[in-house]
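With the numbering used here, the residue at position 62 of the sequence shown is 42, and numbering never jumps. For every residue, glycine included, the Cβ atom is placed at its ideal position computed from N, Cα and C. Since we're looking at a predicted model, the values are computed, not measured. The structure appears below as structure tokens.
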Amino acid sequence: MATKICPVCKNEYEGGEVFCPIDGARVVTHTQMESGEPPDDPLIGQMLDKYKVIRQIGEGGMGLVYEGIHTVIEKRVAIKLLRDDFSSRPEVVARFRQEAKSASRIGHEHIVDISDFGETPYGASYFIMEYLEGEDLANVLEREGVLAVQRAIAIVSQCCRALGAAHAKGIVHRDMKPENIFLVSRHDNADFVKIVDFGIAKMSDIETEGEPGRKLTKTGMIFGTPEYMSPEQAAGKHLDHRVDVYAMGVILFECVTGRVPFVGDSFMGILTQHMFEDPPPLAEVNPHVECSAELEMVIYKALAKAPEDRYQDMPELLEALEAASEGRVAKSTLAGYGDPVKASRKPARSLAPGRSVPAVAPEGSRLPMILAIVTVLAVGGGTAAWFISQRPVVVATNPAVNTPPGPDGATVDAGGQPQVALAPPDAHVEPDAGPAGPSMTRIHVETRPDGASVQVANTEQICGPTPCDLEVLTGVPIVLQARHGLSVADLEITPEGASTTVQMALVRRTGAGRPPSTMGTTTSSDTRMTDTQTNTMMGGSDLKVPDIFR
-19 MATKICPVCK NEYEGGEVFC PIDGARVVTH TQMESGEPPD DPLIGQMLDK
31 YKVIRQIGEG GMGLVYEGIH TVIEKRVAIK LLRDDFSSRP EVVARFRQEA
81 KSASRIGHEH IVDISDFGET PYGASYFIME YLEGEDLANV LEREGVLAVQ
131 RAIAIVSQCC RALGAAHAKG IVHRDMKPEN IFLVSRHDNA DFVKIVDFGI
181 AKMSDIETEG EPGRKLTKTG MIFGTPEYMS PEQAAGKHLD HRVDVYAMGV
231 ILFECVTGRV PFVGDSFMGI LTQHMFEDPP PLAEVNPHVE CSAELEMVIY
281 KALAKAPEDR YQDMPELLEA LEAASEGRVA KSTLAGYGDP VKASRKPARS
331 LAPGRSVPAV APEGSRLPMI LAIVTVLAVG GGTAAWFISQ RPVVVATNPA
381 VNTPPGPDGA TVDAGGQPQV ALAPPDAHVE PDAGPAGPSM TRIHVETRPD
431 GASVQVANTE QICGPTPCDL EVLTGVPIVL QARHGLSVAD LEITPEGAST
481 TVQMALVRRT GAGRPPSTMG TTTSSDTRMT DTQTNTMMGG SDLKVPDIFR
């Protein structure tokens, strides 16, 4: 048997190999390699039931895709054929059949339609799907580098609708990547999405516990493409529909920066980063990135390590994308970090004319006592002597004047002013507690990410690193300002109650101006970000940057 060579990796094979086991390319003879002649394909021109095979149009690790035609109604179709070397493996055949079953069950306009299934005369499985004219998103990104923000949002939004329909049928794709997002021209939309390749999709009615022999995957098995795998997928843990949410976050990141968040020299090197490293700031990956702060927040929320910290389903992610496209931040984006707050413009507590909020003296200080004495002296207008001791403090005004008691029994001097008498040494006198001090609220501040310093604007009150606590006057509007490296946030609140917790999402500041009004607590509606909001978020020294990014 003639030696064959892989045109991709150039490895040579002596046996009857049809495809290279390394990269899946069809092997050719040396003569074909030198002449550029395509390898012979015995399937071209053959009939598969009602379908005639016209030409090969695609090739992957497990299957080949051909253009075909239904000979009766003359409809163009695509024929996906399982490769010869996999057709003898029952578990692969079962997964291939599952792909056909998964896609056909969903029945959504943004998922490729599969209409038939069969076997070739020599036992290879195939299925028939709609013929798509266009290109996949991977080709678009390779050619254009990055996508305009609104275009990226439009493409990913269509994916969200399709995957939401799949999840509703209990089907999780598990291998979302640009290669599986096919763009065709339809309904005046040049970027009409068709999701393909449900080859490793998880179907809840097949892969459920308690059905031995029917599960096609087990906990600990890793399927998918490493650059788009969620941390739980990389760790071989139990998966649910939120792995697709994570993958869409990676795709959004790639669309606006031109690169996936994690790259490496090995499969496990990339998986390790997904599990343990924070995604880098967009501006670090691409200094010329054009992405609104609202969309950046969506990307990082989708890329959360823990599934419970991401968007919980595709409708939530879709809602967040639609809000970001309008310059708003959806409630789901801020879930877990509070909603934006505007201070209730309630005035500070009313005080008597000419009075201000009294200062809080240190415990044990005699300053309040002295201030009280000085006040009495000022009101009385006379000369007096005063002293501080363990006995009650007494102030006498003009003690030499002997005057009769007033109408209420109090002693008055010749000018009609009240006079205070000295109590006998053995008399029991209750100390006057004085006026109650101002009410205070303890504020517990949390930030995303942690480690920021927080200051009450126009004061010297500072706490940090977050999470940390501040104590402020109750009912008096304040502005909290958080900073961590180049990332900042501010929050205007009116403290109420004995204690409260506020949460602030830090945004990377790239220009002049005050920090954007950002994340706090307790509101029930979406909010528009301020005009001064910066274009990126989550930057600064708080993020770990793998050496390969430097």
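Close beta carbons around residue i, own chain, < 7 Å, minus the five adjacent residues each side
i: Gln138; result: His90 and Val173
i: Cys534; result: In the structure as shown, the chain begins at -19 and stops at 530. Residue 534 is therefore absent and cannot be evaluated.
i: Thr454; result: Ser419, Met420, Thr421, Pro475 and Glu476
i: Cys448; result: Val425 and Val434
i: Val240; result: Glu207, Val230, Phe233 and Glu234
i: Met201; result: Note that Met201 has pLDDT 42, beneath the 50 cutoff, so the model's placement of it is unreliable and no number is given.
i: Ala134; result: Asp171
i: Gly249; result: none
i: Gly444; result: Ala432, Ser433 and Val434
i: Asp21; result: Gln36
i: Ser312; result: Tyr291, Glu296, Glu299 and Ala300
i: Arg166; result: Phe172
i: Asp29; result: Gly98
i: Val136; result: Met228, Ile231, Leu232 and Leu301
Cβ neighbour criterion (16 or more within 10 Å) applied to residue i
i: Lys(-16); result: buried
i: Met42; result: buried
i: Lys(-10); result: exposed
i: Val52; result: exposed
i: Gly229; result: buried
i: Ala478; result: exposed
i: Glu124; result: exposed
i: Ser95; result: exposed
i: Ala286; result: exposed
i: Arg194; result: Because the pLDDT at Arg194 is just 34, under 50, the model does not fix this residue reliably, and the value given afterwards should be weighed accordingly. Exposed is the call here.
i: Glu306; result: exposed
i: Pro495; result: Unreliable placement is indicated for Pro495, whose pLDDT of 42 sits below 50; no coordinate value is reported for it.
i: Arg535; result: Nothing in the structure corresponds to residue 535, since the chain is present only between -19 and 530.
i: Pro101; result: exposed
i: Met484; result: buried
i: Gly103; result: exposed
i: Phe588; result: Outside the modelled stretch of the chain, which goes from -19 to 530, sits residue 588, for which no answer is possible.
i: Gly608; result: Only positions -19 to 530 of the chain appear in the structure, and residue 608 is not among them; the question remains open.
i: Pro70; result: exposed
i: Pro261; result: buried
i: Asp155; result: buried
i: Ala437; result: exposed
i: Ser272; result: buried
i: Asp168; result: exposed
i: Ile442; result: exposed
Close beta carbons around residue i, own chain, < 6 Å, minus the five adjacent residues each side
i: Gly38; result: Val45
i: Ala142; result: His88, His90, Ile91 and Ile175
i: Ser210; result: Val223 and Tyr226
i: Gly144; result: Met294 and Pro295
i: Glu451; result: Met420 and Arg422
i: Ala146; result: Ile86
i: Thr481; result: His424
i: Ala304; result: Glu274, Leu275 and Val278
i: Val265; result: Thr237 and Arg239
i: Ala80; result: Ile94, Phe97 and Phe107
i: Gln461; result: Gln435, Ala437 and Asp470
Rounded Cβ spacing between residue i and residue j (contact assumed at less than 8 Å)
i: Glu426; j: Thr439; result: The Cβ separation is near 20 Å, so there is no contact.
i: Val129; j: Val236; result: 6 Å
i: Tyr291; j: Pro259; result: Actually they are not in contact, since the Cβ atoms of Tyr291 and Pro259 sit about 15 Å apart, beyond 8 Å.
i: Gly114; j: Leu163; result: 5 Å
i: Val57; j: Ile108; result: 5 Å
i: Ala214; j: His254; result: 5 Å
i: Ser246; j: Ile151; result: That pair is no contact at about 31 Å.
i: Ile34; j: Glu47; result: 5 Å
i: His50; j: Tyr31; result: 6 Å
i: Pro158; j: Ala132; result: Incorrect: roughly 11 Å between the Cβ atoms, too far for contact.
Residues of its chain near residue i, where Cβ-Cβ distance is below 8 Å and the 5 sequence neighbours each way are ignored
i: Ser105; result: Leu61, Leu62, Ser67, Val73, Phe76, Arg77, Phe97, Gly98 and Glu99
i: Ser160; result: It is worth fixing the name first, because residue 160 is Asn in this sequence and not Ser. Excluding residues within five positions, the ones whose Cβ falls inside 8 Å are Asp116, His153, Ile175, Val176 and Asp177.
i: Asp220; result: Val152 and Pro287
i: Leu127; result: Val120, Leu121, Ile135, Cys235 and Val236
Test: residue i CB closer than 8 Å to a CB of chain B
i: Phe233; result: Protein chain content of the structure displayed is limited to a single chain, and chain B is not contained in it.
Which whole runs of the beta strand (DSSP E) in the region 14 to 87 are 3 residues long or more, in chain order? 31 to 39, 43 to 50 and 55 to 62
Run through the region 114 to 192 for me and flag every whole beta strand (DSSP E) of 3 or more residues, listed as ranges in chain order. 114 to 116, 161 to 166 and 169 to 175
Contiguous alpha helix (DSSP H) assignments of at least 4 residues, all confined to the region 246 to 287: 247 to 256, 262 to 265 and 273 to 282
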